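Enquirer:
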């Protein structure tokens, strides 16, 4: 299970986490986000990008509280950036809070950093091959081990300051002492799980919460005695454990020292190293701008003020100290600490689609030609092809593609609109749509003095078809008649299922004589055809039609319907299979010939 997990119900599916993840270690399936531990490098970029607070950092807070409640000796170890996070609280006040919370002791990581930095210097001195890659950033080392395993051998075989300091604390304090480490580095949580040196790793936010829980009512002034104490002066290290002399000896322009910050340059750097294009002896690599700008720094002050606060506190501590000591002075009195660490490649095997599979997946997302690939990045992937690869790997789907989903939604909206006005069985307009359209055409005809005709069409003896052949045969008959009607009217005409076995045809700009010709053509066409049923039975049907046209006496559309319906009744009464025109209309011969 990953140290980064997603809380149920909070994810807004904005894909910001996927967008910023450098290794695409996030799976989206059925609307649920999952962070894949086997892919994750623990850089914390997803944690920072998530504005909904959906991403959780594990349960080490409960573990640390349990250690304090158990009575076991528990020592807090603070990453050097702690004062920037606690600002404006000073060192003495923070230590007072830690003591009140029940910690047996509190240490910073300067000694661990000094031990690590000296190990680096010794390793550099005896190293002929180049380059050497800094290994104090657990996110960077995880990334290299998983995604650039060929470079794992170039990582300096040195432990991180957290591990070195924790080993020192456990030897100094003895017994079953527990170590709780507070840091802005999320990757430190994963690193701690790889060994037994650190019992719990808390972000600064969780560490503050622990202090609040341990004494809930501590507010107001902190009356702290800031008595002078011995302080350690850095000789070998800068915060983070990289050797100070290496930085001092090489300027930023010196090709012997290469500095890489952030995630964007790592891929290009790895490729350059593999091509033997890098002449630097030392590569100082971090996935962020240092822990002072770590993903869990938990402070509103800017990075420049954070640096000032941290450096000022260090210098003031030296000034106020009862005595300044260096690591060299202390080393004879310290236990021997192992600072070696081995790194090995842990290649993440990612299945890749062949050209045919990729083409098929792109087609499923309606990306048939290169022009269809918008590469908008809304899904969180840089290109449509990257998302297609992720779909092949089972960690994404096309529901994440905004342009594709918009097409789908627009089709659904169109279908819903059509469903709202269309008869589901026959595909012609429904009764509601007919009434609305008739009103529009009636008002237009009255306003402009144009012609308008209406036909009511009934399938003769339709009930006997249902009774004899079943309702499925009746449905097939209705669909066939509806199709025949649509095939024999103009695009400007309007066909609808009025109800049951009755259809209605609105004929704009059509007088009664022309409408008669349309109706007769339709009647004869149906009379001449046979309807083939599922059991291969053929049945014959006929139509009765009532026709009415608008006149100046009509006040509303329903009067047109009423007259056409009366004419239909007369047609059925007269023997069916015929057209009857409403009384007082000009009439051509319309009876069955």
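Residue numbers (our numbering): -12 to 580.
Cβ coordinates follow ideal geometry from the N, Cα and C atoms, glycine included.
Source: prediction; values computed, not measured.
Closer than 6 Å by C-beta to residue 5: which residues in its own chain qualify, once you throw out the five before and the five after it? Chain order, please.
Expert: Within the chain shown, the letter at position 18 stands for residue 5. Counting only Cβ-Cβ distances below 6 Å, and skipping sequence neighbours, we find 13 and 367.
Enquirer: Starting from residue 83 and walking both ways along the alpha helix (DSSP H), at which residues does that stretch end?
Expert: Stepping through the chain shown from its first residue, residue 83 is reached at position 96. Start and end: 78 to 87.
Enquirer: Can you give me the Cβ contacts of residue 558 inside the same chain, cut-off strictly under 7 Å, excluding the 5 residues immediately before and after it?
Expert: Taking the first residue of the chain shown as position 1, residue 558 is located at position 571. Cβ within range, chain order: 531, 532, 533, 565, 566 and 567.
Enquirer: Counting along the chain, where does the beta strand (DSSP E) carrying residue 61 start and finish?
Expert: On the chain shown, residue 61 is found 74 positions in, with the first residue counted as 1. Note, residue 61: beta strand (DSSP E), 61 to 65.
Enquirer: For residue 311, which beta-bridge partners are listed by DSSP?
Expert: By one-based count along the chain shown, residue 311 stands at place 324. Answer is 218, bridged to residue 311.
Enquirer: Look at the alpha carbon of residue 395 and the alpha carbon of residue 408, and state the distance between them as a whole number of angstroms.
Expert: Taking the chain shown and counting its residues from 1, one reaches residue 395 at position 408. Taking the chain shown and counting its residues from 1, one reaches residue 408 at position 421. Their Cα atoms are separated by approximately 20 Å.
Enquirer: Could you pull out every unbroken beta strand (DSSP E) segment of at least 3 residues lying fully inside the segment -6 to 46, listed in chain order?
Expert: With a minimum length of 3 residues, the continuous beta strand (DSSP E) runs that stay inside the segment -6 to 46 are 13 to 16 and 19 to 22.
Enquirer: Give the DSSP-derived three-state secondary structure of residue 333 in the structure shown.
Expert: Position 346 of the chain shown holds residue 333. The answer is coil: DSSP assigns residue 333 none of H, G, I, E or B.
Enquirer: In whole angstroms, what separates the C-alpha of residue 44 from that of residue 174?
Expert: As a position in the chain shown, residue 44 is number 57, starting the count at 1. As a position in the chain shown, residue 174 is number 187, starting the count at 1. Each residue's Cα considered, the two are about 10 Å apart.
Enquirer: Within the segment 114 to 175, note down every full alpha helix (DSSP H) run reaching 4 residues or more, in order along the chain.
Expert: Segments of the alpha helix (DSSP H) lying fully in the segment 114 to 175: 125 to 134 and 148 to 160.
Enquirer: If you measure between the beta carbons of residue 87 and residue 165, is that distance less than 8 Å?
Expert: For this step, residue 87 is matched to residue 100 along the chain shown. For this step, residue 165 is matched to residue 178 along the chain shown. For residue 87 and residue 165, no; Cβs fall outside 8 Å.
Enquirer: What number of angstroms, rounded off, separates the C-alpha of residue 477 from the C-alpha of residue 496?
Expert: Walking along the chain shown from the start, residue 477 turns up at place 490. Walking along the chain shown from the start, residue 496 turns up at place 509. Cα-Cα distance, rounded: 11 Å.
Enquirer: Taking all protein chains shown into account, decide if residue 363 is buried (16 or more other Cβ within 10 angstroms of its Cβ) or exposed.
Expert: If you number the chain shown from 1, residue 363 lands on position 376. By the 10 Å Cβ count, residue 363 comes out exposed.
Enquirer: According to DSSP, simplified to helix, strand and coil, what is residue 272?
Expert: Mapped onto the chain shown, residue 272 falls at position 285. Strand, per DSSP.
Enquirer: Does residue 376 pass the burial test, meaning 16 or more other C-beta atoms within 10 Å, or should it be called exposed?
Expert: In the chain shown, residue 376 corresponds to position 389, counting from 1. Its Cβ being crowded by 16 or more others within 10 Å, residue 376 is buried.
Enquirer: So, under 8 Å CB-CB, residue 283 and residue 191 are touching, yes? Tell me the CB distance rounded to an integer number of Å.
Expert: The residue labelled residue 283 in the question sits at position 296 within the chain shown. The residue labelled residue 191 in the question sits at position 204 within the chain shown. The Cβ separation is near 6 Å, so the contact holds.
Enquirer: So for residue 327, helix, strand or coil by DSSP?
Expert: Locating residue 327 in the chain shown gives position 340, where the first residue counts as 1. Strand, per DSSP.
Enquirer: From what residue to what residue does the beta strand (DSSP E) around residue 485 run?
Expert: Residue mapping note: residue 485 aligns to position 498 of the chain shown, counting from 1. Residue 485 -> beta strand (DSSP E) spans 481 to 486.
Enquirer: By a C-beta neighbour count over all protein chains shown, 10 Å radius and 16 as the cutoff for buried, is residue 404 buried or exposed?
Expert: Position 417 of the chain shown holds residue 404. Residue 404 should be labelled exposed.
Enquirer: For residue 545 versus residue 537, is the C-beta distance shorter than 8 Å?
Expert: For the purposes of this step, residue 545 is taken as residue 558 along the chain shown, with counting starting at 1. For the purposes of this step, residue 537 is taken as residue 550 along the chain shown, with counting starting at 1. No; because the gap between Cβ atoms is not below 8 Å, this pair is not in contact.
Enquirer: Do you know offhand how far residue 17's Cα is from residue 383's?
Expert: For the purposes of this step, residue 17 is taken as the residue at position 30 of the chain shown. For the purposes of this step, residue 383 is taken as the residue at position 396 of the chain shown. Approximately 9 Å, taken between the alpha carbons.
Enquirer: Taking 8 Å as the cut-off, decide whether the C-beta atoms of residue 263 and residue 229 are in contact.
Expert: Translated into the one-based positions of the chain shown, residue 263 becomes position 276. Translated into the one-based positions of the chain shown, residue 229 becomes position 242. No; because the gap between Cβ atoms is not below 8 Å, this pair is not in contact.
Enquirer: Could you give the C-beta distance for residue 481 and residue 424, rounded to a whole number, given that I count them as a contact under 8 Å?
Expert: For the purposes of this step, residue 481 is taken as residue 494 along the chain shown, with counting starting at 1. For the purposes of this step, residue 424 is taken as residue 437 along the chain shown, with counting starting at 1. Yes, they are in contact, since the Cβ atoms of residue 481 and residue 424 sit about 5 Å apart, within 8 Å.
Enquirer: Exposed or buried, what is residue 202 when buried is set at 16 or more other beta-carbons lying within 10 Å of its beta-carbon?
Expert: Here residue 202 corresponds to residue number 215 of the chain shown, with the count starting at 1. Answer is exposed; the Cβ neighbour count stays below 16.
Enquirer: In three-state DSSP terms, what is residue 267?
Expert: Here the question's residue 267 lines up with position 280 in the chain shown. In this structure, residue 267 counts as coil in the three-state DSSP scheme.
Enquirer: Kindly indicate which three-state DSSP category residue 520 falls into: helix, strand or coil?
Expert: Locating residue 520 in the chain shown gives position 533, where the first residue counts as 1. Note: residue 520 maps to coil in three-state DSSP.
Enquirer: Could you tell me how far apart the beta carbons of residue 94 and residue 64 are, in whole angstroms, since I believe they sit closer than 8 Å?
Expert: The count along the chain shown starts at 1 and reaches residue 94 at position 107. The count along the chain shown starts at 1 and reaches residue 64 at position 77. Sure, about 5 Å apart at Cβ, within 8 Å.
Enquirer: Among residues of its own chain, excluding the 5 on either side of residue 205, which ones have a beta-carbon nearer than 6 Å to its beta-carbon?
Expert: Here residue 205 is taken as the residue at index 218 of the chain shown, counted from 1. Here residue 205 scores only 46 on pLDDT, less than 50, and its place in the model should not be relied on; the value that follows carries that caveat. None.
Enquirer: Let me make sure I understand the geometry here. Which of 285, 269 and 463 has the alpha-carbon closest to that of residue 611?
Expert: Residue 611 falls outside the range modelled here, since the chain spans only -12 to 580, and no answer is possible.
Enquirer: Hey, would you say residue 269 sits closer than 8 Å to residue 233, going by beta carbons?
Expert: What you label residue 269 is simply residue 282 of the chain shown in a count that begins at 1. What you label residue 233 is simply residue 246 of the chain shown in a count that begins at 1. Yes, Cβ-Cβ distance for residue 269 and residue 233 is below 8 Å.
Enquirer: So the beta strand (DSSP E) residue 190 belongs to, where does it begin and stop?
Expert: On the chain shown, position 203 is the one that residue 190 refers to. Residues 187 to 190.
Enquirer: Just the Cα atoms here: how many angstroms apart are residue 121 and residue -10?
Expert: Numbered from its first residue, the chain shown carries residue 121 at position 134. Numbered from its first residue, the chain shown carries residue -10 at position 3. In a straight line, the C-alpha of residue 121 is about 24 Å away from that of residue -10.
Enquirer: Is it the case that the Cβ atoms of residue 314 and residue 128 are separated by a distance below 8 Å?
Expert: Taking the chain shown and counting its residues from 1, one reaches residue 314 at position 327. Taking the chain shown and counting its residues from 1, one reaches residue 128 at position 141. Not closer than 8 Å, so no.
Enquirer: Can you round the beta-carbon distance between residue 290 and residue 279 to whole angstroms, since I take them to be within the 8 Å contact cut?
Expert: By 1-based counting over the chain shown, the position of residue 290 is 303. By 1-based counting over the chain shown, the position of residue 279 is 292. Correct: roughly 6 Å between the Cβ atoms.
Enquirer: Just tell me which of 20, 9 and 393 has its CA closest to the CA of residue -2.
Expert: Along the chain shown, read from residue 1 onward, the residue named residue -2 stands at position 11. Taking only the C-alpha atoms, the option nearest residue -2 is 20.
Enquirer: What distance in whole Å lies between the Cβ atoms of residue 176 and residue 333, which are believed to be in contact at a cut-off of 8 Å?
Expert: Mapped onto the chain shown, residue 333 falls at position 346. Mapped onto the chain shown, residue 176 falls at position 189. About 18 Å; that fails the 8 Å criterion.
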